[in-house]
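**Q** Chains A and B are the protein sequences, given in the same order. Residue 16 in our numbering sits at position 16 of the first sequence, and the numbers go up by one each step. Residue 79 in our numbering sits at position 79 of the second sequence, and the numbers go up by one each step. Mind looking over this structure? Questions follow.
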Amino acid sequence: EPEVTQTPSHQVTQMGQEVILRCVPISNHLYFYWYRQILGQKVEFLVSFYNNEISEKSEIFDDQFSVERPDGSNFTLKIRSTKLEDSAMYFCASRPGSSYNSPLHFGNGTRLTVT
Amino acid sequence: DQQVKQNSPSLSVQEGRISILNCDYTNSMFDYFLWYKKYPAEGPTFLISISSIKDKNEDGRFTVFLNKSAKHLSLHIVPSQPGDSAVYFCAAREGSQGNLIFGKGTKLSVKP
Numbered sequence: 001e002p003e004v005t006q007t008p009s010h011q012v013t014q015m016g017q018e019v020i021l022r023c024v025p026i027s028n029h030l031y032f033y034w035y036r037q038i039l040g041q042k043v044e045f046l047v048s049f050y051n052n053e054i055s056e057k058s059e060i061f062d063d064q065f066s067v068e069r070p071d072g073s074n075f076t077l078k079i080r081s082t083k084l085e086d087s088a089m090y091f092c093a094s095r096p097g098s099s100y101n102s103p104l105h106f107g108n109g110t111r112l113t114v115t
Numbered sequence: 001d002q003q004v005k006q007n008s009p010s011l012s013v014q015e016g017r018i019s020i021l022n023c024d025y026t027n028s029m030f031d032y033f034l035w036y037k038k039y040p041a042e043g044p045t046f047l048i049s050i051s052s053i054k055d056k057n058e059d060g061r062f063t064v065f066l067n068k069s070a071k072h073l074s075l076h077i078v079p080s081q082p083g084d085s086a087v088y089f090c091a092a093r094e095g096s097q098g099n100l101i102f103g104k105g106t107k108l109s110v111k112p
C-alpha cells in the first residue's frame with residue numbers, strides 16, 4: 001500500500017538554525033498537510049497546501065515557517081530560525097482529491113529537537 | 001479552546017471484551033469525523049470515519065456512532081485484542097480543505 005514517507009526520522013538542531021523537513025506524499029494525492037505534536041499534547045494543524053499554494057494555515061504557522069513543493073514529488077516544511085518551543089514531532093499528510101470525504105494519510109513523522 | 005474533546009486519557013479493557021472510546025465536539029459545522037490509531041514512533045493511522053449525514057458506520061470489529069444532537073461520537077471495538085493497544089485520536093474536519101482538528105487522544109490498553 002502506498003505510504004507517505006518523511007525524512008529524516010530525527011533532526012537535532014541548535015536554536016536559531018534553519019531546518020528543512022522533507023516529505024514524499026502518496027503519488028496521486030492532491031492535498032498536502034503539515035501537523036505537529038508537542039510531547040504530551042495533541043496533534044495540531046499547521047498548514048494545508050493545494051494546487052501549488054497554501055490553502056489554509058493556523059496561528060502556529062507564522063513567518064518562521066514556509067512550505068514548498070519544489071518538484072512533482074517532495075513537499076517540504078522549512079523553519080527559518082528554530083526556537084526551543086519548536087521541538088515536536090512533525091507529521092506530513094496527504095489525501096486524494098477524488099472524494100470530498102477522504103481521510104488524511106500520515107507519515108511516521110520527523111522528531112525535531114532544538115537545543 | 002478545545003473543539004474536539006476526549007475526556008478519558010486512558011482506558012483498560014480485557015481481551016475479548018468491548019472497548020468504547022468517546023469523543024465530544026463543540027463546532028456544529030464539522031461534517032466529517034474520523035478515528036485514528038497511533039503507535040509510539042509512528043504516525044496516526046486511519047481507522048474509520050463517518051459523515052455527518054449518517055449515525056453509524058461499521059468496518060469489521062470497529063463501529064463508529066455519531067449523535068449529532070449531543071455532538072458526541074464513539075468508537076466501539078469488539079472483540080478487543082491486545083494488538084489494539086494504542087492511542088486513539090478522534091478528529092473532525094473543519095472546512096472544505098479537509099483540515100482536521102484532533103482530540104488529545106485516549107490510550108487504550110487491552111490486557112490478555
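Every residue, glycine too, gets a C-beta built ideally from N, C-alpha and C. From a predicted model like this one, the values you see are computed outputs, not experimental measurements.
What residues of chain B sit near R95 (chain A), judged by a beta carbon separation below 8 angstroms?
**A** The residue given as residue 95 (chain A) occupies position 95 in the first sequence. Simply G98.
**Q** Taking 6 angstroms as the limit between beta carbons, can you name the residues of its chain near L21 (chain A), skipping five residues before and five after?
**A** What you label residue 21 (chain A) is simply residue 21 of the first sequence in a count that begins at 1. Same-chain partners within the cutoff: L77, Y90, T110.
**Q** Could you confirm whether any beta carbon from chain B is found closer than 8 angstroms to the beta carbon of S98 (chain A)?
**A** Counting from one through the first sequence, the residue named residue 98 (chain A) turns up at place 98. By this cut-off, S98 (chain A) is not an interface position.
**Q** In angstroms, rounded to a whole number, what distance separates the CA positions of D24 (chain B) and A70 (chain B)?
**A** Within the second sequence, the letter at position 24 stands for residue 24 (chain B). Within the second sequence, the letter at position 70 stands for residue 70 (chain B). About 8 angstroms.
**Q** Give every residue of the same chain whose Cβ lies closer than 7 angstroms to the Cβ of N28 (chain A), excluding the five residues on either side of it in the sequence, and list them in chain order.
**A** Sequence index remark: in the first sequence, residue 28 (chain A) carries index 28 (1-based). Excluding positions up to five away in sequence, the list reads P96.
**Q** Can you pull the chain A residues whose beta carbon is under 8 angstroms from the beta carbon of E42 (chain B), in chain order?
**A** Taking the first residue of the second sequence as 1, we reach residue 42 (chain B) at position 42. Going along chain A in sequence order, the residues near E42 (chain B) (Cβ under 8 angstroms) are N108, G109.
**Q** Which residues of chain A have a Cβ atom closer than 8 angstroms to the Cβ of G103 (chain B), listed in chain order?
**A** Residue mapping note: residue 103 (chain B) aligns to position 103 of the second sequence, counting from 1. Those within 8 angstroms of G103 (chain B) in chain A are K42.
**Q** What did DSSP end up calling L84 (chain A) once you bin it into helix, strand or coil?
**A** Here residue 84 (chain A) refers to the residue found at position 84 when the first sequence is read from its first residue. Helix.
**Q** Could you tell me the alpha carbon to alpha carbon distance between P113 (chain B) and E15 (chain B), rounded to whole angstroms?
**A** One cannot answer for residue 113 (chain B) here, as it falls past the ends of chain B, which runs 1 to 112.
**Q** In angstroms with no decimal places, state the Cα-to-Cα distance between V67 (chain A) and S55 (chain A).
**A** Within the first sequence, the letter at position 67 stands for residue 67 (chain A). Within the first sequence, the letter at position 55 stands for residue 55 (chain A). In a straight line, the C-alpha of V67 (chain A) is about 11 angstroms away from that of S55 (chain A).
**Q** Just how far apart, CA to CA, sit T7 (chain A) and V24 (chain A)?
**A** Against the first sequence, residue 7 (chain A) aligns to sequence position 7. Against the first sequence, residue 24 (chain A) aligns to sequence position 24. Near 9 angstroms, if we compare the C-alpha coordinates of V24 (chain A) and T7 (chain A).
**Q** DSSP state of D84 (chain B), grouped into three classes?
**A** Position 84 of the second sequence, counted from the start, is the residue given in the question as residue 84 (chain B). DSSP places D84 (chain B) in helix when its eight states are reduced to three.
**Q** Quick one: what's got a C-beta closer than 7 angstroms to D86 (chain A)'s C-beta in the same chain, skipping five residues either side?
**A** Locating residue 86 (chain A) in the first sequence gives position 86, counting from the first residue. Closer than 7 angstroms at the Cβ level, and outside the excluded window around D86 (chain A), lie I79, L112, V114.
**Q** Starting from the Cα of G107 (chain A), find the closest Cα among A:W34, A:F45, A:S48 and give me that residue.
**A** The count along the first sequence starts at 1 and reaches residue 107 (chain A) at position 107. That would be A:W34, whose Cα lies nearest to the Cα of G107 (chain A).
**Q** Measure the C-alpha to C-alpha separation of E94 (chain B) and G72 (chain A) and round it to an integer number of angstroms.
**A** On the second sequence, residue 94 (chain B) is found 94 positions in, with the first residue counted as 1. On the first sequence, residue 72 (chain A) is found 72 positions in, with the first residue counted as 1. The alpha-carbon atoms of E94 (chain B) and G72 (chain A) are separated by roughly 27 angstroms.
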